[in-house]
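Chemist: Numbered by numbering that gives the first Met the number 0, the letters in the sequence shown go through residues 0 to 475 in order.
Glycine residues also receive a C-beta, built at the ideal position from the N, C-alpha and C atoms.
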Amino acid sequence: MYYNSKPVFPKNFMWGASSAAWQVEGAVAEDGRTPAIIDLNSKKKKPFADNSIAADHYHHYKEDVALMAECGFSSYRFSISWSRIIPHEDGKVNEKGIEFYNNLINELIANNITPIVTLYHYDMPVWVDEKFGGWRNRDIIDAFDHYVRVCFKEFGDRVKYWLSINEQNMQICYGEWLGVNKGCDNWEKDKWDVNHIMNLCHAKAVIACHELVEGGKIGPVPGYVPIYPESCKPEDQIAAMNAEELTEKMWNDLYVYGEYNGFIKSYWRENGIEPDIRLGDMELIKSAKIDFFALNCYRSNVAKDCKPDEETVELQLNKNGVKGQFVYPKFPGLYQLATNPYVETTDWDWEIDPIAMRYMLRYMWDHYRLPMMITENGYGAHETLGEDGHVHDEERIKFLRNQIYQVGLAIMDGCEVIAYNPWSFTDLLSTGNGMAKRYGLVYINTTDEEVLDLRGVKKDSFYWYSKLIKSNGQEW
Numbered sequence: 000m001y002y003n004s005k006p007v008f009p010k011n012f013m014w015g016a017s018s019a020a021w022q023v024e025g026a027v028a029e030d031g032r033t034p035a036i037i038d039l040n041s042k043k044k045k046p047f048a049d050n051s052i053a054a055d056h057y058h059h060y061k062e063d064v065a066l067m068a069e070c071g072f073s074s075y076r077f078s079i080s081w082s083r084i085i086p087h088e089d090g091k092v093n094e095k096g097i098e099f100y101n102n103l104i105n106e107l108i109a110n111n112i113t114p115i116v117t118l119y120h121y122d123m124p125v126w127v128d129e130k131f132g133g134w135r136n137r138d139i140i141d142a143f144d145h146y147v148r149v150c151f152k153e154f155g156d157r158v159k160y161w162l163s164i165n166e167q168n169m170q171i172c173y174g175e176w177l178g179v180n181k182g183c184d185n186w187e188k189d190k191w192d193v194n195h196i197m198n199l200c201h202a203k204a205v206i207a208c209h210e211l212v213e214g215g216k217i218g219p220v221p222g223y224v225p226i227y228p229e230s231c232k233p234e235d236q237i238a239a240m241n242a243e244e245l246t247e248k249m250w251n252d253l254y255v256y257g258e259y260n261g262f263i264k265s266y267w268r269e270n271g272i273e274p275d276i277r278l279g280d281m282e283l284i285k286s287a288k289i290d291f292f293a294l295n296c297y298r299s300n301v302a303k304d305c306k307p308d309e310e311t312v313e314l315q316l317n318k319n320g321v322k323g324q325f326v327y328p329k330f331p332g333l334y335q336l337a338t339n340p341y342v343e344t345t346d347w348d349w350e351i352d353p354i355a356m357r358y359m360l361r362y363m364w365d366h367y368r369l370p371m372m373i374t375e376n377g378y379g380a381h382e383t384l385g386e387d388g389h390v391h392d393e394e395r396i397k398f399l400r401n402q403i404y405q406v407g408l409a410i411m412d413g414c415e416v417i418a419y420n421p422w423s424f425t426d427l428l429s430t431g432n433g434m435a436k437r438y439g440l441v442y443i444n445t446t447d448e449e450v451l452d453l454r455g456v457k458k459d460s461f462y463w464y465s466k467l468i469k470s471n472g473q474e475w
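(1) Along the chain, where does the beta strand (DSSP E) that runs through P114 open and close?
(2) What are the uninterrupted segments assigned as alpha helix (DSSP H) that are 4 or more residues long and contained completely in the segment 261-316, given in chain order?
(3) With DSSP as the reference, please indicate the residues paired to G214 in a beta bridge.
(4) If you compare alpha carbons, which of P421, K190, V321 is closest to H381?
(5) Does the distance from the CB of Y438 to the CB of Y367 come in under 9 Å?
(6) Of all the options E343, D346, I373, which has the alpha carbon lying nearest to the alpha carbon of R357?
(7) Using 10 angstroms around the beta-carbon of C231, count the other beta-carbons present and answer buried if the total reaches 16, otherwise exposed.
(8) Can you list, in chain order, the residues of its chain whose CB lies under 8 Å from that of K466, leaving out five sequence neighbours each side?
(9) Compute the distance between the beta-carbons of Q402 and N432, then report whether it is under 9 Å.
(10) Would N319 pass as a contact of W250 if the rule is Cβ separation under 9 Å?
(11) Grab me the residues of M197's own chain with a C-beta within less than 7 Å of its C-beta, minus the 5 sequence neighbours each way, in chain order.
(12) Classify Q170 as buried or exposed, calling it buried when 16 or more other Cβ atoms lie within 10 Å of its own Cβ.
(13) Thinking C-beta only, is R395 closer than 9 Å to I351?
(14) Three Cβ pairs or more, each shorter than 8 Å: is that satisfied between the segment 239-250 and the segment 262-276?
(15) Taking the continuous beta strand (DSSP E) assigned at I171, which residues delimit it?
(16) Helix, strand or coil: which one does DSSP assign to V318?
(17) Out of curiosity, what's the CA-to-CA distance linking V92 and P124?
(18) Any idea what DSSP makes of F77, helix, strand or coil?
(19) From this set, P86, R137, Y57, which residue's C-alpha is nearest N101's C-alpha?
(20) Since I believe S74 is in contact with N420 (beta carbons under 8 Å), could you give me their beta-carbon distance rounded to a whole number of angstroms?
(21) With respect to the alpha helix (DSSP H) encompassing E491, which residues constitute its N-terminal and C-terminal limits?
(22) Does the segment 324-337 come close enough to the segment 298-314 to have 3 or more Cβ pairs within less than 8 Å?
(23) Just to confirm, is the Cβ distance from A485 to G25 under 9 Å?
(24) So, does the segment 236-243 touch the segment 148-160, judging by three or more C-beta pairs under 8 Å?
(25) Evaluate H120 with the Cβ neighbour count: other Cβ atoms within 10 Å of its Cβ, from every protein chain shown; 16 or more gives buried, anything less gives exposed.
(26) Ordered along the chain, which non-local residues of its own chain (more than five positions away) have a Cβ less than 6 Å from that of L399?
(27) Let me check one thing: in DSSP terms, what residues is I351 bridge-paired to?
(28) What did DSSP end up calling S4 once you bin it into helix, strand or coil?
(29) Examine chain C for any beta-carbon lying closer than 9 Å to the beta-carbon of W347, and answer yes or no.
(30) By Cβ distance below 7 Å, which residues in the same chain neighbour R361 in space, the five residues on each side in sequence not counted?
(31) Tell me the DSSP bridge mates of V64?
(32) Do S80 and W161 have their C-beta atoms closer together than 9 Å?
(33) Going by the DSSP bridge assignment, what does V416 pair with across the sheet?
(34) Quick one, which of L369, Y442, R277 has its alpha-carbon nearest Y256's?
(35) Using the three-state DSSP reduction, which class does L162 fall into: helix, strand or coil?
(36) Does L337 come out as helix, strand or coil in the three-state DSSP assignment?
Rendered as structure tokens:
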């Protein structure tokens with residue numbers, strides 16, 4: 000629908016930004032923290048910087064929070080490092096880790112910023128992988144339950160918004176890229192066992208939150224990429240539905256309804272890849288009632304028909320920010336992804352599609368009727384300090400303006416959206432591109448090649464976003 004007035008955001012709408020521990024904290028071997036698998040993977044991604052220092056948030060959190068307050072934030076989404084809290088297999092709590100997150104949470108609250116905390120954001124402790132084989136072994140469930148219960152008991156008196164597992168769907172769909180497939184002999188089959196165990200861990204976190212945190216609310220964090228059919232050809236419609244089911248919908252259905260939907264069960268049977276579902280598993284999952292969805296949305300996709308006799312094509316990401324290197328995957332008998340001629344792309348070939356934001360929010364509201372918050376949405380770009388000592392990131396301002404406007408339209412459409420927390424507050428390590436791909440409202444003076452003074456410099460987008468926040472979305 001086209002409206003005659005511009006969007007109005009609710010009075011209690013939360014404005015902020017997001018980060019993740021391993022991408023922003025640094026201090027990977029300080030105060031009792033032990034390595035995470037992502038640390039080891041990060042060191043292999045030359046020529047990109049590893050996460051040993053990252054944005055050094057661990058030593059600069061007070062300055063960072065002061066900048067958040069200056070910008071006008073009312074929320075900040077961050078993650079807790081599992082290996083900073085439980086560094087060894089004996090399960091003992093690292094008090095220095097507790098101290099750091101207590102200090103961060105208290106600093107946020109002192110500045111009237113609501114903490115939104117992710118329990119797991121890609122950073123599996125090495126000791127968990129060595130003892131259990133990571134997500135492949137059901138014994139991880141009790142270890143994860145112990146970890147999240149420590150978090151709820153230590154921080155739940157002040158943290159009321161919790162997120163379980165970041166982008167579980169992306170970890171399963173792109174396990175090779177994120178390292179989740181480590182140790183698996185047949186990933187196409189094994190990933191559904193891994194996924195089921197992750198679902199059980201998610202359920203344990205939801206149940207523990209409601210048990211231990213007075214007034215606590217918790218939700219999952221799907222990575223959502225709206226998928227359009229390439230044409231009105233009926234086969235393309237089915238292809239888009241297949242893509243939606245296998246990359247997003249099966250997870251969201253499970254989070255809400257507590258069961259695997261009919262399509263995914265048929266897919267498993269057809270391919271002989273049913274997961275190991277044991278007595279009591281589905282009852283546990285069904286009993287875990289989420290309170291909201293946290294949604295990460297950057298781009299959209301286009302799907303078209305892919306006949307069973309076509310050749311498989313693997314996804315290839317753009318790794319250096321020179322346009323034209325992204326290769327869309329093909330899944331014979333299901334779907335293939337394709338370029339969208341109606342939208343522009345970033346230097347990393349990611350579609351710039353603000354209407355996808357409205358599409359996602361309406362789709363999720365229509366299907367599940369649960370409150371939603373945006374926990375990632377941003378514009379990655381090559382950036383350096385200009386001769387004047389500033390970063391003039393007009394493309395990011397344009398991106399955020401258009402995305403936020405679509406959030407507002409979705410609210411006018413009747414969707415319940417409670418927060419907008421784009422990626423990211425400061426520059427941090429991009430999962431696949433290090434410091435070469437910057438997302439922040441604040442420039443961090445360091446590079447992949449050399450650690451510099453790590454000072455934060457407010458970009459033009461910082462000032463624009465601050466003005467928008469302080470007008471509650473009315474000053475564009």
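Modeler: Reading off the structure:
(1) 113-119
(2) 261-270, 280-286
(3) According to DSSP, which records beta bridges pairwise, G214 is partnered with nothing at all.
(4) V321
(5) no
(6) I373
(7) exposed
(8) E474
(9) no
(10) no
(11) W134, I164, Q167
(12) buried
(13) no
(14) yes
(15) Run containing I171: none in the beta strand (DSSP E); it sits in the alpha helix (DSSP H), 167-172.
(16) The displayed chain sequence assigns Lys, not Val, to residue 318. Looking at K318 - three-state DSSP - the assignment turns out to be coil, as it is neither helix nor strand.
(17) 14 Å
(18) strand
(19) Y57
(20) 6 Å
(21) This structure gives no information on residue 491, because the portion of the chain shown stretches from 0 to 475.
(22) yes
(23) The chain is shown from 0 up to 475; residue 485 falls before or after that span and cannot be answered.
(24) no
(25) buried
(26) none
(27) E343
(28) coil
(29) Judged by its chain identifiers, the structure shown contains no chain C, having just a single protein chain.
(30) A409, D412, C414
(31) DSSP, once it has assigned bridges, lists no residue as partnering V64.
(32) no
(33) M371
(34) L369
(35) strand
(36) The sequence as given places Ala at residue 337; Leu does not occur at that position. In the structure shown, A337 sits in a strand (DSSP, three-state: E or B).
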